[in-house]
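Trainee:
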Amino acid sequence: MKLPLLEVNQIKKYFPITGGILGRKVGEVKAVDRVSFAVYKGETLGLVGESGCGKSTIGRLLLRLQEATDGEIRFEDKDIQALSPKLLKKIRKEMQLVFQDPYASLNPRHKVEKILEEPLIVHGIKDKKERRERIMNMLETVGLDRYHAERYPHQFSGGQRQRIGIARALMTNPKLIIADEPVSALDVSIQSQVLNLLKDLQAEFDLTYIFIAHDLGVVRHISDRVGVMYLGRMVELTDSERLYEEPLHPYTKSLLSSVPVPDPDDQSDSEVLTGEIPSASNPPKGCAFHTRCKECMDVCKTSRPTFQEISPGHHVACHLYGDA
Amino acid sequence: MDKQQDILHVQGLRTSFFTDNGIVPAVDHIDFTIHKGEVLGIVGESGCGKSVTSLSIMGLLPQAGRIVDGEILFQGESLTKATEKRMRSIRGNEIAMIFQEPMTSLNPLFKIGNQLTEAIHTHQSCSKEKARKRSVEMLELVGLPRAEQLLNDYPHQLSGGMRQRVMIAMSMICEPQLLIADEPTTALDVTIQKQILQLMKELNKKLHTSIMMITHDLGVVAEVCDRVVVMYAGKIVEEAPVRTIFKHALHPYTKGLLASVPDIRSKKDRLQSIPGNVPKPGSIDKGCRFAERCEHAMERCFTEDPPLYKAEENQQVRCFLYDTEAKEESHETTTP
Chain S
1 MKLPLLEVNQ IKKYFPITGG ILGRKVGEVK AVDRVSFAVY KGETLGLVGE
51 SGCGKSTIGR LLLRLQEATD GEIRFEDKDI QALSPKLLKK IRKEMQLVFQ
101 DPYASLNPRH KVEKILEEPL IVHGIKDKKE RRERIMNMLE TVGLDRYHAE
151 RYPHQFSGGQ RQRIGIARAL MTNPKLIIAD EPVSALDVSI QSQVLNLLKD
201 LQAEFDLTYI FIAHDLGVVR HISDRVGVMY LGRMVELTDS ERLYEEPLHP
251 YTKSLLSSVP VPDPDDQSDS EVLTGEIPSA SNPPKGCAFH TRCKECMDVC
301 KTSRPTFQEI SPGHHVACHL YGDA
Chain A
1 MDKQQDILHV QGLRTSFFTD NGIVPAVDHI DFTIHKGEVL GIVGESGCGK
51 SVTSLSIMGL LPQAGRIVDG EILFQGESLT KATEKRMRSI RGNEIAMIFQ
101 EPMTSLNPLF KIGNQLTEAI HTHQSCSKEK ARKRSVEMLE LVGLPRAEQL
151 LNDYPHQLSG GMRQRVMIAM SMICEPQLLI ADEPTTALDV TIQKQILQLM
201 KELNKKLHTS IMMITHDLGV VAEVCDRVVV MYAGKIVEEA PVRTIFKHAL
251 HPYTKGLLAS VPDIRSKKDR LQSIPGNVPK PGSIDKGCRF AERCEHAMER
301 CFTEDPPLYK AEENQQVRCF LYDTEAKEES HETTTP
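First to last, the protein sequences are chains S and A.
Counted from 1, the first sequence has number 71 at position 71 by UniProt numbering; the numbering is strictly sequential.
Counted from 1, the second sequence has number 331 at position 331 by UniProt numbering; the numbering is strictly sequential.
#1: Is the shortest distance between the beta-carbon of residue 196 of chain S and the beta-carbons of chain A less than 7 angstroms?
#2: What are the start and end residues of each continuous alpha helix (DSSP H) run of 4 or more residues lying completely inside the segment 174 to 225 of chain S, in chain order?
#3: Give the secondary structure of residue 321 of chain S by DSSP, where H, G and I count as helix, E and B as strand, and everything else as coil.
#4: Looking at chain S, is there any beta carbon in it that lies within less than 7 angstroms of the beta carbon of residue 356 of chain A?
#5: Restricting to runs no shorter than 4 residues, where is the alpha helix (DSSP H) found entirely within the segment 96 to 160 of chain S?
#6: Does the count of Cβ pairs from the segment 102 to 109 of chain S and the segment 82 to 91 of chain S closer than 8 angstroms reach three?
#7: Mind listing the chain A neighbours of residue 227 of chain S? Cutoff is C-beta to C-beta under 8 angstroms, in chain order.
#8: Looking only at DSSP bridge pairs, what is residue 65 of chain A linked to?
#9: Anything in the segment 61 to 90 of chain A with a Cβ closer than 7 angstroms to a Cβ of chain B? List those residues in chain order, please.
#10: With DSSP run on the structure shown, which of helix, strand or coil describes residue 71 of chain S?
#11: Looking at C-alpha atoms only, which residue of A/76, A/26 and A/52 is the closest neighbour of residue 9 of chain A?
#12: Looking at chain S, which residues of the segment 180 to 198 of chain A have a Cβ within less than 8 angstroms of any of its Cβ atoms?
#13: I want to see whether chain A comes within less than 7 angstroms of residue 216 of chain S, judged by CB atoms only; does it?
#14: May I have the straight-line CA-CA distance separating residue 246 of chain S from residue 310 of chain S, to the nearest angstrom?
#15: Are there 16 or more other CB atoms within 10 angstroms of the CB of residue 217 of chain A, so buried, or fewer, so exposed?
#16: Is residue 147 of chain S near residue 111 of chain S, with beta carbons less than 7 angstroms apart?
#17: By DSSP, does residue 312 of chain S sit in helix, in strand, or in coil?
#18: So, at 6 angstroms on beta carbons, what are the nonlocal neighbours of residue 74 of chain A in its own chain, with the 5 sequence-adjacent residues on each side left out?
#19: What are the boundary residues of the alpha helix (DSSP H) that includes residue 252 of chain A?
#20: I'd like to know whether the C-beta atoms of residue 108 of chain A and residue 164 of chain A end up nearer to each other than 7 angstroms.
#21: Drop a sphere of 10 angstroms on the beta-carbon of residue 194 of chain A, count the other beta-carbons inside from all chains shown, and report buried for 16 or more, exposed for fewer.
#22: State buried or exposed for residue 162 of chain A, treating a residue as buried only when at least 16 other CB atoms are found within 10 Å of its CB.
#23: Hey, is the segment 272 to 292 of chain S in contact with the segment 180 to 195 of chain A, meaning 3+ C-beta pairs nearer than 8 angstroms?
#24: Rounded to a whole number of angstroms, what is the C-alpha to C-alpha distance between residue 319 of chain A and residue 252 of chain A?
#25: Just to confirm, are residue 225 of chain A and residue 49 of chain A a CB contact at a threshold of 7 angstroms?
#26: Just to confirm, are residue 69 of chain S and residue 30 of chain S a CB contact at a threshold of 7 angstroms?
#27: Could you pull the start and end residues of the beta strand (DSSP E) that residue 236 of chain S belongs to?
#28: Taking the CB atoms as reference points, tell me whether residue 171 of chain A and residue 82 of chain A lie closer together than 7 angstroms.
#29: List the residues of chain S that residue 264 of chain A touches, going by C-beta distances under 8 angstroms, in chain order.
#30: Determine the burial state of residue 28 of chain A: buried for a count of at least 16 other Cβ atoms within 10 Å of its Cβ, exposed for fewer.
#31: Based on Cα-Cα distance, which residue from S/197, S/121, S/85 and S/253 lies nearest to residue 172 of chain S?
#32: Residues of the segment 133 to 159 of chain A in Cβ contact with chain S at a cutoff of 8 angstroms, in chain order, please.
#33: Using a Cβ cut-off of 7 angstroms (strictly closer), state whether residue 187 of chain S contacts chain A.
#34: Measuring CA to CA, which of S/313, S/319 and S/163 is closest to residue 303 of chain S?
#35: Quick one: Cα of residue 132 of chain S to Cα of residue 119 of chain S, how far?
#36: So, is the C-beta of residue 237 of chain S closer than 7 angstroms to a C-beta in chain A?
What follows is the structure, given as structure tokens:
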């Protein structure tokens, strides 16, 4: 049995909407609504979904960059939300974030050396020589050169900057890397370089990844398991292979068939999803997807389907399955 | 090809940017043609000059940019020599453009209806009532519900997909001969992207508007384009019908690009990637622009500029590997 490195249990994040002259709460945006999943040691869990589905919010909740409204997050069996600030800092060393925009996530006034040194200082490595040695080794690990330490971010291309972002995340020897759209700002030919790098690093340092992305091709390539989100809810979670070959949830099916395939002979226009994503501040009653679903039944409009395991390792939240 | 059917003819176009650090050639001697009713895809990575090409055609280059050489013929009329007044009457009327960002290309202070009717009033003289009716028709044509009320909405009240539909409606309202779409779906979610691409295909069939589709997404190219031009560092490196590009690409860059795309239909253990970085515009002035990253690079690739070789019917490639004369000299067999 594999050990879960991270377990998420029924987490919620509601953002208040305030209005009126007194700024009273007039509603809430359910950015993440009762989501549960586990991440096992050494695997890559992909989180996919369209904009506003809550995938990035989950990444931030896991690091407690934002506090969850409710629910439980356990990292190596410790409840993250109950930790004191001091212990939280310690545990953040084990979980690091790689950001989407390699242009905005590096301080333009710092040299690469300083950018990479900061996590070491924060996490208490006092010996200057040791810090320098680790920076130099890390630069080579991510495919850059030692002399790059003396340069500023603007002297690098997008792909190289993302390598620096990855190096910074790896400086503290983390166990878990949360990568939020790490390749979506990069050109295709560079994107594959960075994806290959992430895979190599995973093997070398025994890393666990949570890979948040909207590009389904990229996610298939890098993930062992994939969770599909829609309007703050997880609708399907299973092995990457199974999700792409035999998707069960109607949303997953239409999402997959919407992706343009790089082959002019393979253009099936069978399942075009109509309509728009409803607003998360006013999600449809029952199943959030029922307004766009082709297989919508009466029960879908009133009761929210439970997220359940319908075959080993295959979780779906849909009234078409389960309850049998 | 029948001359009559060419909508746009670009010949030896060279656009340079005059910056403090010298002259940067963004587009370097490109030739291509768009036929009537055709969807031409222009593919390339950032900095390859695909957007500068479209801005050159529209006469919308930023201050530092200038067309230094070449000719752009739109239905036989030179756009490089056209006066600003003439360009104004062409823009939006005969050639329309849609941009990547549906959030920023609509004016947030004006109602949708105002912005749509403005396009009509600029180019045609017609009554307010008629313009309004035409706007409603267009909104319905692009598949927007409750078009009548939508005219009174402000852009912020619409979602990204709806805004892009409004943009398309606005660009098609004067029934242009040519629509230039610069990454029209990049900012949209996949399910919405699919809807927009289908809409563009439909409009192309219904109204016979030629479309120049600028994109970096090869999936989008496969879905909507008839013919493809691949650009790299300001040059056209390959040009062919869409099926040929995907089945028998010749240029090492095109091949590399196709192999780097993670395909949703199958899992590869390792993605093939092109080593190195996309060169900055103007950083290479001699030889093939791709030579540094090319695994087939020969000595002459670094010193000589490869011309476009005609490989097959309708397929052209800028690479010495397809120099048939050189091949015969080195006694290599050429595949027929």
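Backbone N, C-alpha and C fix where the C-beta goes; we use that ideal spot for every residue, glycine too.
Mentor: Working from what's here:
#1: yes
#2: 188 to 205 and 216 to 222
#3: coil
#4: For residue 356 of chain A there is no data in the structure shown, the boundaries of chain A being 1 and 336.
#5: 112 to 122 and 128 to 141
#6: no
#7: Simply none; closest approach about 17 angstroms.
#8: A/17
#9: Checking the listed chains, one finds no chain B in this structure; the protein chains it contains are S and A.
#10: strand
#11: A/76
#12: 189, 190, 191, 192, 193, 194, 195, 197 and 198
#13: yes
#14: 13 angstroms
#15: buried
#16: no
#17: coil
#18: 8
#19: 252 to 260
#20: no
#21: buried
#22: buried
#23: yes
#24: 8 angstroms
#25: no
#26: no
#27: 233 to 239
#28: no
#29: 216, 217, 220, 244, 256, 259 and 261
#30: buried
#31: S/121
#32: 159
#33: yes
#34: S/319
#35: 12 angstroms
#36: no
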